[in-house]
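Protein chains in written order, with full-length UniProt numbering: chain A, 1 to 393; chain B, 1 to 393; chain C, 1 to 393; chain D, 1 to 393.
For each residue, glycine too, the CB sits at the ideal point set by N, CA and C.
Everything on this sheet refers to the single structure shown next.
4 protein chains.
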Amino acid sequence: MSSINVAMIGQGFMGRSHSNAWGQVAKFFKTPAKPVMHTVFGQEAENPQAFADNWGWQNASTDWESVVKDPKIDVVDIVTPNFMHAPPAKAAIAAGKHVACEKPIAGTLAEAREMAEAANKAGVKTAVWFCYRRVPAVALAHQMVKDGLLGDILHVRAQYLQDWADESVPLVWRFKKELAGSGAHGDLNAHIIDMTRFVTGEEITEISGAISETFIKKRKLMTGVSAGNIAAGLQGTEEMGDVTVDDTVLFLARFSGGAVASFEAARQATGNQNRNGFEINGTKGSLKFDFERMNELNYYDATRPRAVQGWTNIMCTHAGDHPYVANWWPDAHLIGYEHCFTNEAYDFLSEIAGETPTVPIPTFEDAYQTQRVLEASALSAAEKHAINMDDVK
Amino acid sequence: MSSINVAMIGQGFMGRSHSNAWGQVAKFFKTPAKPVMHTVFGQEAENPQAFADNWGWQNASTDWESVVKDPKIDVVDIVTPNFMHAPPAKAAIAAGKHVACEKPIAGTLAEAREMAEAANKAGVKTAVWFCYRRVPAVALAHQMVKDGLLGDILHVRAQYLQDWADESVPLVWRFKKELAGSGAHGDLNAHIIDMTRFVTGEEITEISGAISETFIKKRKLMTGVSAGNIAAGLQGTEEMGDVTVDDTVLFLARFSGGAVASFEAARQATGNQNRNGFEINGTKGSLKFDFERMNELNYYDATRPRAVQGWTNIMCTHAGDHPYVANWWPDAHLIGYEHCFTNEAYDFLSEIAGETPTVPIPTFEDAYQTQRVLEASALSAAEKHAINMDDVK
Amino acid sequence: MSSINVAMIGQGFMGRSHSNAWGQVAKFFKTPAKPVMHTVFGQEAENPQAFADNWGWQNASTDWESVVKDPKIDVVDIVTPNFMHAPPAKAAIAAGKHVACEKPIAGTLAEAREMAEAANKAGVKTAVWFCYRRVPAVALAHQMVKDGLLGDILHVRAQYLQDWADESVPLVWRFKKELAGSGAHGDLNAHIIDMTRFVTGEEITEISGAISETFIKKRKLMTGVSAGNIAAGLQGTEEMGDVTVDDTVLFLARFSGGAVASFEAARQATGNQNRNGFEINGTKGSLKFDFERMNELNYYDATRPRAVQGWTNIMCTHAGDHPYVANWWPDAHLIGYEHCFTNEAYDFLSEIAGETPTVPIPTFEDAYQTQRVLEASALSAAEKHAINMDDVK
Amino acid sequence: MSSINVAMIGQGFMGRSHSNAWGQVAKFFKTPAKPVMHTVFGQEAENPQAFADNWGWQNASTDWESVVKDPKIDVVDIVTPNFMHAPPAKAAIAAGKHVACEKPIAGTLAEAREMAEAANKAGVKTAVWFCYRRVPAVALAHQMVKDGLLGDILHVRAQYLQDWADESVPLVWRFKKELAGSGAHGDLNAHIIDMTRFVTGEEITEISGAISETFIKKRKLMTGVSAGNIAAGLQGTEEMGDVTVDDTVLFLARFSGGAVASFEAARQATGNQNRNGFEINGTKGSLKFDFERMNELNYYDATRPRAVQGWTNIMCTHAGDHPYVANWWPDAHLIGYEHCFTNEAYDFLSEIAGETPTVPIPTFEDAYQTQRVLEASALSAAEKHAINMDDVK
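What follows is the structure, given as structure tokens:
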């Protein structure tokens, strides 16, 4: 079997997920080529060598510009903070590499458009880690809608609710616009915009109204801030700094097929650790998904005899019938969060090899469309009126 | 024990619920006075005598104007279609009667305001049948918020989703603006606006955006249309007529305490027969309610030790601890839909007798406030921008 | 419409349920004859006149022997404590009355057999208030099994778990063998034995093992003990008396069609207020029911395409498709505990009029079969070995 | 960091789980020594070299006797079929190795006793892969009971229900007594016996009755049978062979603290893919677990104010508060089946290094106690009477 060399730009929490995916994929899937974990880039302060040793990267580097140009590298995977996606992505594209990038694709809409255009022009393969498409339940939902099981879609409800950001949490990078781009909006709404576009197969045509709010406007300053600080229980100093991103963004929208929709992202929705889900109602049936029970998909089949109609809780864990499952464990031996990344790594390797992925991959072009919706809904919240999507490019 | 004479204006489906409540209340509750089912009014075509015989009303009448003025009557209960609430209500108030009225209080905002003002001026007691306040779980939610268990409220999500109105349903009165006032908006959003105002104890200050949609624009004409036709399976003629109300209305809002909110009413939300519910997130805890499991309230207590935090499913069926329950059955011997009406009949009789009801009654003034929110959100949908509630009187 | 005169022997908690049923049935159902609440019997100390006034019985009596012989009475309904079922039942049968009786049918197996034989001989109609057969979800389960939707039944699991009987509860009549016959066994297992016989349509052929335990062996004595004392919060004296019934009984069994089964009744199963339910697995499908969500039935259809198989949660609240529902409220407007009694009153009136009830009524003969299973499983627990049902008559 | 060499005896489905665990453990946990995947043994027909290449074992061997004696090996991990556990385990113990073994520990009780005695005598560390102890929710349950949160335990209910074994499944090794030892009993009841002993901290003292049944007595013969055949959809020949193990075993039992208990294992419980769970009721609280929602633990706290008591659904995914979680992903980013093995690998490495594992490891002695319960309950089913556990050694 041939091999394919991967370089990863960045580390952090997402770096762990990606490293695990590249390490696991060939053990569980028959990949067209064997992925080699060639080089990982990190800032000197991050100690990329230790990271490489732990996760099995063959080399560590503190010079990303060399890495993305290195002729031995076939695929560049970007997991830096959002504002730092565009530079390595554009350099890698220029060097003719296939590029995978964390979501949201970029810190600004202009960058997202440029990245998508560059990739299209260069003809390289791209993937954005909207990995929830590859939860078997969500991939199944996509297939069911495509097969017409829902009929015409009338209602879309999507929510990504978390509750980690109470006032005890200090001013980490996620609360600063210059580092994160936005708050719950880009972090969470990005996922549910992508997921509902993917499942419905439709585009959003109008933002019909929106609210953006920052409930906690000042937080304790930290020095040496990193995502890991929170987990580590660091409490910040007594001095306070300004939060410059949103805590919550809600918006109403219309889809191209006529459905009405509501979206909500929140970081102080007490009781919801990771409620990333949707409900879609069609004329023939409905679907519900909640990541907190990620192995399950709820389906209402309105074409069944009325006496036995009801919400059916599908355990999406049958090897022979549900996407990706045959590569993992027997029936109802659940999979978890990281498996979505491994599933995406497999599909991206298939795509690069000219094969059809299990379900469509979110390309840079795709991620640009999602970014347009983020931009338009932020605008609607600021200007307090509806926005036609045609006006946001 | 003294007695108190009740007259009911109207019949129909809601007339059954109300008749049942007036008949059951003194069997299960110690009412301050014994309610006597004195007279029921109906159109001649409705055969009010048969209705009276079935439900135990002592008299039947086809002349509502005489009934509401009859000196023997103490309480007038109005269950006519929405556009016919104001005339008998105003006449009854003028005659010094206490008045209970079905929801929404009126067909127009102006009528609602006039009814509230007339009642205030006359000093009579009023009640609107926003009966879901008297689901024990909802009354408990109100008490818990009042006791501070949720801390500051940040998020309100409310939905009233049904799915009975597919295209096989003919053009019954609920689809005509002149009869129903509005569609899902006045029928369903009215309930969740009242319920969230009641539970949070706050008022809505802004409508931040809205969508109103009629998915099915034409339906088969019927002759002799009534609510019962649907249940009876009548299919209409082949000729089509225009639907003049909405099928679905979504809106975003802000509450006086700073919370952000979303509301949605729908009649084609496949899989949701009667999902009338809310989720409220506060800084100290959260609550969730769904009428399809009306005996349960979900509570997340964020002040508990973190290792055992979670959503607690409270069966609101303990005689000693949950509102109304001691009057019904032993623990976890569930109650149903109609009990909410009986609970409200009890509380209204208490209020009339100068006693404090279990939880606050929705007065005409209250219902006028809810009507303002209905009006403002309809306006926001039509004009595609946010509406400050101060601008809608 | 003709009328039919009902007399009720006994009051108490069950007397309330029955009175409500007789009072409501003709308001919601088209009964073949109009039931008249003619006479209620109670001990002088119970004040039957007050009970009659509250519930609408036309007469009160303290002499049951006259009542059951009264030529004006057509139906005798017995709600006395278990040890007092047989005398009025036998007298009523002797007088040619139709008899309805609370469950379990009698304090001893011999009495149960005598009652069933007497009724058969006299040709009167009988009904035992195993009212959970008339939860719409349970009636639907019966119909689905009968229609073959489960294929061959392999597994039956039934549990009736409560948690009201911790050590703070004093020595009420339910804890004394001479008054109650048995503890959780006759009170709770009786229901799930009847319910599983009803749903499966099969008889139990062997008790394969059993446990009977009394966790709390002494309780505080009360004077003037009645069921209402607990609800009233009476705490008993400091003196202790012996509990002479079981707190919990578990047993394993085989059904006539080959299925294996487990049963469990408990009064200290913390967290289970009224978990009266079953799960039945067949070769083609499975069913699950839990009274704490009595409006729902869970169905697994193993004949559907595997990709969409799952547990379907049927809201058994469709007027056109689910038993009894058309007589109550619109879709998903839930019904509660007492409706089962009203449904049974309707079906018994139908049976008396020579009509077919919605689903089969539990007759005295039926209740005798259930009593045999109670007896055999108690014996198995005492003797620590399996019991062939043929040996218990 | 020092290293520790692991050899694995066997491959198959469990070999994948174990290989994954040994490969992942040092990436996510700070192990006291770095585990080296030194050698894997397989039959020549199984192609152990290909298995080694896929999973990262440094060497492959077809001679287990040499492997378990190899001085370079520190830990021997056994994943052969049940009847082949004892020989390599005893040889490895004799060679002074630490031994991990798949469950059930052995094909017969005598072998289990010998293995436990040999390990005790040799002083080596042992572990049996009752890996469900290391589901974070189950480990938390163990800790909560130990902390007294349940008070005295009165009821234990445990079920391990599957539905994969309908009559289309051919005669694979799991249906032959000489290969598998027993059917659902040893495969599934073994897990819930271990799990309830672990969570309650009590031993079983009596088997009070039991049923063992084989519903499908003949199945299609296969040639070249292996576990993977089923997944591969192999259908067997037309010729039929005898099933010599049980399909289902139910038994009742008593625990040392006085609790009554029921256990059930089944392979045709339609609708239950992998329902491996328990409910435990104590005087102060209750716990419920179901592996199909393995990230959740349900807790009823009967010491809370009654008005807010209910089943609390704990997402066992908080880094700071739930066992093992800090080593995986952020809050509510679920883990799956294989993580339990990795967790156990970590704890076994800790134990070998003289550190205290997160929760107690199931040793050979432990597994022997579980095997005694399996033996006694099989005997109770065969002889149709209760068995005192003291009589089974």
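Do the segment 166-177 of chain D and the segment 211-221 of chain C touch if we need at least three Cβ pairs shorter than 8 Å?
no
Taking all protein chains shown into account, do 16 or more other C-beta atoms lie within 10 angstroms of the C-beta of residue 1 of chain B, making it buried, or fewer, making it exposed?
Residue 1 of chain B should be labelled exposed.
Considering only their Cβ atoms, is the gap separating residue 336 of chain B from residue 277 of chain C smaller than 8 Å?
no
Below 8 Å between beta carbons is the criterion; list the residues of the segment 311-329 of chain A that meet it against any residue of chain C, in chain order.
311, 312, 313, 314, 315, 318, 320, 321 and 322
Can you tell me the Cα-Cα spacing of residue 69 of chain C and residue 88 of chain C, whole angstroms?
10 Å
Would residue 96 of chain B be called buried (16 or more neighbouring beta carbons within 10 Å of its own) or exposed?
exposed
Within 10 angstroms of its Cβ, does residue 343 of chain A collect 16 or more other Cβ (buried), or is it exposed?
buried
Would you check if the distance between the CB atom of residue 201 of chain B and the CB atom of residue 284 of chain B is smaller than 8 Å?
no
Output the boundary residues of the alpha helix (DSSP H) element that contains residue 14 of chain C.
Element bounds for residue 14 of chain C: 12-28.
Can you tell me whether residue 306 of chain A is buried or exposed, with buried defined as 16 or more other CB within 10 angstroms of its CB?
exposed
Taking just the CA atoms, how far does residue 266 of chain B sit from residue 253 of chain D?
Distance between the alpha carbons of residue 253 of chain D and residue 266 of chain B: 52 Å.
Could you give the first and the last residue of the continuous beta strand (DSSP E) run that contains residue 155 of chain A?
153-161
Please identify the residue among C:12, C:242, C:162 and C:327 whose C-alpha is closest to the C-alpha of residue 81 of chain C.
C:12
Verify the CB distance criterion: does residue 208 of chain A have a CB-CB separation below 8 Å to chain B?
Among the residues facing chain B, residue 208 of chain A is included, as its CB has a counterpart in that chain under 8 Å away.
Can you tell me the Cβ-Cβ gap for residue 54 of chain B and residue 27 of chain C, rounded? I've got them flagged as a contact below 8 Å.
6 Å
Tell me, which residues are paired with residue 181 of chain B by DSSP?
Note: residue 181 of chain B sits in no beta bridge, so no partner.
Residue 207 of chain D: which of D:14, D:303 and D:376 sits nearest, CA to CA?
D:376
Beta carbon of residue 299 of chain D, beta carbon of residue 314 of chain D: below 8 Å?
yes
Cβ pair count under 8 Å reaching 3, the segment 321-336 of chain B against the segment 346-354 of chain D:
The segment 321-336 of chain B makes no contact with the segment 346-354 of chain D; the number of CB pairs closer than 8 Å stays below 3.
Nearest to residue 238 of chain D by CA position, among D:221, D:249, D:205 and D:182, is which residue?
Cα-wise, what sits closest to residue 238 of chain D is D:221.
Closest to residue 309 of chain D by C-alpha separation, out of B:137, B:243, B:183 and B:240, would be which residue?
B:137
Please confirm if residue 133 of chain B has its CB atom under 8 Å from at least one CB of chain D.
no
Please list, in chain order, the chain C residues whose beta carbon lies closer than 7 Å to that of residue 264 of chain D.
262
So what's residue 293 of chain C in DSSP terms, helix, strand or just coil?
helix
Measuring only the C-alpha atoms, how far is residue 98 of chain D from residue 327 of chain D?
Roughly 25 Å between the two C-alpha positions.
Hey, residue 57 of chain C and residue 19 of chain C are a contact pair by Cβ (cut 8 Å); roughly how many whole angstroms apart?
7 Å
What's the C-alpha gap between residue 394 of chain B and residue 166 of chain B?
No statement about residue 394 of chain B is possible, as the shown extent of chain B runs from 1 to 393 and does not include it.
Quick one, which residues of the segment 135-166 of chain B are near chain D if we go by CB-CB under 9 Å, in chain order?
140, 143, 144 and 149
Cutoff 8 Å; reference residue 247 of chain C; Cβ partners in own chain excluding five residues on either side
165, 183, 184, 213, 214, 215, 216, 266, 267 and 268
Look at the Cβ atom of residue 79 of chain A, then the Cβ atom of residue 73 of chain A, and state whether they are nearer than 8 Å.
Result no, Cβ atoms of residue 79 of chain A and residue 73 of chain A do not sit closer than 8 Å.
So, helix, strand or coil for residue 202 of chain C, using DSSP?
coil
Less than 8 Å between CB atoms is the rule here; does residue 335 of chain B satisfy it with respect to chain C?
yes
Considering only the alpha carbon of each residue, which of A:160, A:162, A:145 and A:290 lies closest to residue 154 of chain A?
A:145
What does a CB cutoff of less than 6 Å around residue 46 of chain D pick up in its chain, not counting 5 residues either side in sequence?
Same-chain partners within the cutoff: 11.
Got a sec? Which residues, its chain only, sit under 7 Å from residue 105 of chain D by beta carbon, not counting five neighbours each side?
85, 112, 115, 128, 364, 367, 368 and 371
Can you tell me where the alpha helix (DSSP H) holding residue 370 of chain A begins and where it ends?
Counting along the chain, the alpha helix (DSSP H) containing residue 370 of chain A begins and ends at 364-383.
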